[in-house]
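K.L.:
Heads up: the sequence shown begins at 10 in our numbering, then just goes up one per residue.
A single structure is presented below for examination.
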Amino acid sequence: MPTLETKKVPQTYTYLYQEGSLRFFHYRCYSYQTTISVDEEGLVISYPNVFHKMV
């Protein structure tokens, strides 16, 4: 049977810049890193190679 486990991992979000109503952050966790965009409400709009918000 599947189990759900939580564990603490090192993550950082560093503010990069704002373009219109979007804010961009550099995300890093272990060796994975990417740039995500967040809307004016703080919701993630684009998480490259993971998902993009569909309008």
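We put the CB at the ideal spot given by N, CA and C, even for glycine.
These numbers come from a predicted model, not from an experiment.
Which residues does DSSP pair with Thr44 in a beta bridge?
P.N.:
Looking at the DSSP assignment, Thr44 forms a beta bridge with His35.
K.L.:
Could you check what DSSP says for Glu28 in three-state terms: helix, strand or coil?
P.N.:
Note: Glu28 maps to strand in three-state DSSP.
K.L.:
Check the C-beta distance from Ser55 over to Ile45 and give it rounded, since I have them as a contact under 8 Å.
P.N.:
Contact holds; Cβ gap of about 6 Å.
K.L.:
Taking Val53 as part of the beta strand (DSSP E), name the residues at either end of that continuous run.
P.N.:
Val53 -> beta strand (DSSP E) spans 53-56.
K.L.:
Alpha carbon to alpha carbon, what distance is there between Pro57 and Val47?
P.N.:
Roughly 12 Å between the two C-alpha positions.
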